[in-house]
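S.K.:
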Amino acid sequence: MTKLFFVFCFIVNFCFAQTITQCKYRFDNYLNFKGSLNNRVQFQNDVIYLLNAKGKKETAIYANEIDVLARFLTHNSFVNQQKLLQNKGLKKFTKLQRDSLSAKIIDKRKVVSQDKNLPLKGFRVAIDPGHTAVNLTDAQIEQKFLYFVKDSILNPYDTIKLFESVLTYNTAQLVQKMLEEQGAQVLITRNKHSNNSFNCHYSAWLANNKKRVLDSLKTAKVLPNSKYNSLCKMSDRDLFWEFFRDFDLNNRAKIMNDFNPHVSLIIHYNVDEKNEPWKQVSKKNYTMAFIGGAFTSANLDKPENRIHFLRLLLTDQLDQSEKLAANSVNCSSKNLNIPVASQFDAGYLKDNCLFSGSAGVFCRNLNMCRLINSPLVYGESLYQDNEFECVALMKTDVNYKNIITNDRTLLVAKSYYQAVFDFLKK
Ligand SMILES: [Zn+2]
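Position one of the sequence shown corresponds to residue -18 (the numbering used here), numbered consecutively onward.
See below:
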């Protein structure tokens, strides 16, 4: 009897240890930026503690709670996640509490209908085409454009003019078309290449929404008076960087999360960082992708970040994101014939990211990587300022099912499409 009891305990502990082990793996491989969280998270045999900056235990997650909490965090709004985790603190849920929590979870991502002619039927894909500026005035503020004469000596009229926002939107439309043809439902966070996620230009937002938005945030006590006053007085450019950029990103993530996507794509085009201020071409070109993770201790001081951190720790979203991003990097590298970036190919990869273990995939605590509640890839397929890419991306000589584009953008889109298709079908 004693022996049997021992075996039973061993099996139970072994199962729990496995689950804690999975969280520990995510913590070590994706989340803990260069040991920064060593004093903020404690792993024990059957419990994980989150500590505050002074070393006091704030949240406890017991081994037998991991499964139900992971499902709860996946299928609930941020507000509900916040309420649950704040109330939980160090308490241990009873079996009754775990069962009643489990019974309340509605899995909105269950794929019920299958159709062999439409292999992606039932799947939802959210796409955020990065940035918004499509004219030089807005682009001067957002700083995401290239405008230079490629060869001022031999060819002084050979002007390069590229807006990242236009490229990302064009790519998103192509990926949408390809995925919808396979039955997927696709959401794009902005309705026009020139619009932000509030479906207007920044200048229109300033004229029509700025005052109302700042006033309501002040009333809701999200903005303290001093911050409110300084934002009201700020130049349009400073307000963009101090407030609007994150405000827009939060809104993009909210739109995507409300859609309950099975997969999220955040589309960007990169530049060679060493080529700043990007007034000439670069010989370099690399493909890479980001996923969430790489939290610092300072990141955990913000209460809302602790909720996102716990979701990324307890669910398998980071493991899934690594698979999706690795697919995406492989497809981009093959289709575009561009090398995959290593940690030593850009300063930010070495200084701000953790290498995930898959070639070209890096954990980085970018807003979108942290806020989106689904497996995701934040793609940087190529360098726009590369000597060949900048010319090829300017072209509008390809018509893909009524979407005007060019060979390179089409290959970028196909790479995302193939990556998502393989990921969802597996
Ligand atoms: Zn970008």
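Using N, Cα and C, we set each Cβ at its ideal position, and we do this for glycine too. What you are looking at is a predicted structure, and each value in this text was computed from that prediction instead of being measured.
(1) Whose C-alpha, out of Arg90, Thr75, Ala41, Ser313, is nearest the C-alpha of glutamine 67?
(2) Can we count histidine 249 as close to ligand 1, meaning its CB is less than 7 angstroms from some heavy atom?
(3) Assign threonine 386 to one of two classes, buried (16 or more other C-beta atoms within 10 Å of its C-beta) or exposed (fewer than that).
(4) Quick one: grab the DSSP three-state call for threonine 277.
(5) Which runs of the beta strand (DSSP E) fall wholly inside the region 143 to 188 and span at least 3 residues, in chain order?
(6) Sort out for me which residues DSSP pairs asparagine 367 with in a bridge.
(7) Could you tell me which whole beta strand (DSSP E) segments of length 3 or greater appear in the region 100 to 139?
(8) Specify, as a first and last residue, the run of the beta strand (DSSP E) that methionine 349 falls within.
(9) Can you say whether asparagine 189 is buried or exposed, counting buried as having 16 or more other CB atoms within 10 angstroms of its CB?
(10) I'd like to know whether the C-beta of serine 94 is nearer than 8 angstroms to at least one C-beta of chain B.
(11) Measuring straight from C-alpha to C-alpha, what distance separates phenylalanine 24 and lysine 158?
(12) With a threshold of 16 other CB atoms inside 10 Å of the CB of serine 396, please say whether the residue is buried or exposed.
(13) Could you give the residue range of the beta strand (DSSP E) that holds lysine 38?
(14) At a cut-off of 7 angstroms, would you count lysine 89 as near ligand 1, judging by its Cβ distance to the nearest heavy atom?
(15) Please state the DSSP three-state secondary structure of alanine 270.
(16) Excluding sequence positions up to five away, which residues of its chain have a Cβ less than 7 angstroms from the Cβ of serine 178?
(17) DSSP three-state call for cysteine 312: helix, strand or coil?
(18) Would phenylalanine 224 be called buried (16 or more neighbouring beta carbons within 10 Å of its own) or exposed?
(19) With serine 245 as the anchor, note down where its beta strand (DSSP E) starts and where it stops.
(20) For the alpha helix (DSSP H) that phenylalanine 402 lies in, which residues bound it at each end?
(21) Quickly, what does DSSP pair leucine 335 with across the bridge? List them, please.
(22) Would you tell me roughly how many angstroms separate the C-alpha atoms of threonine 296 and isoleucine 247, rounded to the nearest one?
(23) Based on the DSSP secondary-structure assignment, which residues constitute the bridge partners of glutamate 361?
(24) Valine 115 to leucine 168, Cα distance in whole Å?
(25) What would DSSP say about glutamine 324, mapped onto helix, strand or coil?
(26) Keeping to the same chain, check which residues put their C-beta closer than 8 angstroms to that of isoleucine 384; ignore five residues upstream and five downstream.
(27) To which residues of the same chain is asparagine 165 closer than 6 angstroms at the C-beta, ignoring the five residues directly before and after it?
(28) I think tyrosine 267 touches phenylalanine 221, with their Cβ atoms under 8 angstroms apart; what is that distance to the nearest whole Å?
(29) Roughly how many whole angstroms lie between the Cα atoms of glutamine 301 and serine 197?
(30) Sorry if obvious, but does the Cβ on histidine 112 come closer than 7 angstroms to a heavy atom of ligand 1?
(31) Check whether the region 352 to 360 and the region 319 to 335 are in contact - that is, three or more C-beta pairs closer than 8 angstroms.
(32) With DSSP as the reference, label isoleucine 1 as helix, strand or coil.
(33) Count the other CB atoms, across all protein chains shown, that sit within 10 Å of the CB of serine 94; report buried if there are 16 or more and exposed otherwise.
(34) From the DSSP output, in three-state form, read off glutamine 95 for me.
M.R.: Based on what the coordinates show:
(1) Ranked by Cα distance from glutamine 67, the options Arg90, Thr75, Ala41, Ser313 are led by Ala41.
(2) Result yes, Cβ under 7 angstroms from ligand 1.
(3) Residue burial is scored here from C-beta neighbours: threonine 386 has at least 16 other C-beta atoms within 10 angstroms and is therefore classed as buried.
(4) The three-state secondary structure of threonine 277, taken from DSSP, is coil.
(5) Counting whole runs of 3 or more residues, the region 143 to 188 contains the beta strand (DSSP E) stretches 166 to 169.
(6) As computed with DSSP, asparagine 367 is found in a beta bridge with Ser263.
(7) Counting only runs of 3 or more, we get 105 to 110, 126 to 132.
(8) Methionine 349: not part of any beta strand (DSSP E); member of the alpha helix (DSSP H) spanning 348 to 352, first to last residue.
(9) Asparagine 189 should be labelled exposed.
(10) You won't find chain B in this structure, because it holds only one protein chain.
(11) C-alpha separation (whole angstroms): 45 angstroms.
(12) Buried, by the Cβ-count rule.
(13) If you look at lysine 38, you'll find it in the beta strand (DSSP E) that goes 38 to 43.
(14) Answer for lysine 89: no, Cβ out of range of ligand 1.
(15) If DSSP states are grouped into helix, strand and coil, alanine 270 belongs with the strands.
(16) Excluding positions up to five away in sequence, the list reads Thr170, Arg171, Asp229, Asn232, Arg233, Ile236.
(17) Looking at cysteine 312 - three-state DSSP - the assignment turns out to be helix.
(18) So phenylalanine 224 counts as buried.
(19) Under the DSSP assignment, serine 245 falls in the beta strand (DSSP E) whose first and last residues are 244 to 251.
(20) Per DSSP, phenylalanine 402 belongs to the alpha helix (DSSP H) from 388 to 406.
(21) Partner(s): Cys344.
(22) Threonine 296 and isoleucine 247 have their C-alpha atoms some 20 angstroms from each other.
(23) His249, Met269, per the DSSP bridge assignment.
(24) Looking at the backbone, the Cα of valine 115 and that of leucine 168 are separated by about 21 angstroms.
(25) Here DSSP, grouped into helix, strand and coil, assigns glutamine 324 to coil.
(26) Only Asn151, Gln154, Leu155, Lys158 meet the Cβ criterion.
(27) Here residue 165 is alanine; the residue named in the question, asparagine, does not match the sequence. Cβ within range, chain order: Leu101, Phe104, Val106.
(28) About 28 angstroms separates the two Cβ atoms, so there is no contact after all.
(29) Distance between the alpha carbons of glutamine 301 and serine 197: 38 angstroms.
(30) Yes, ligand 1 has a heavy atom inside 7 angstroms of this Cβ.
(31) No: the two stretches stay apart, fewer than three of their Cβ pairs being nearer than 8 angstroms.
(32) For isoleucine 1, the secondary structure class from DSSP, reduced to helix, strand or coil, is helix.
(33) By the neighbour-count criterion, in which 16 or more other beta carbons inside 10 Å mark a residue as buried, serine 94 falls on the exposed side.
(34) In this structure, DSSP gives glutamine 95 a state outside helix and strand, which the three-state scheme calls coil.
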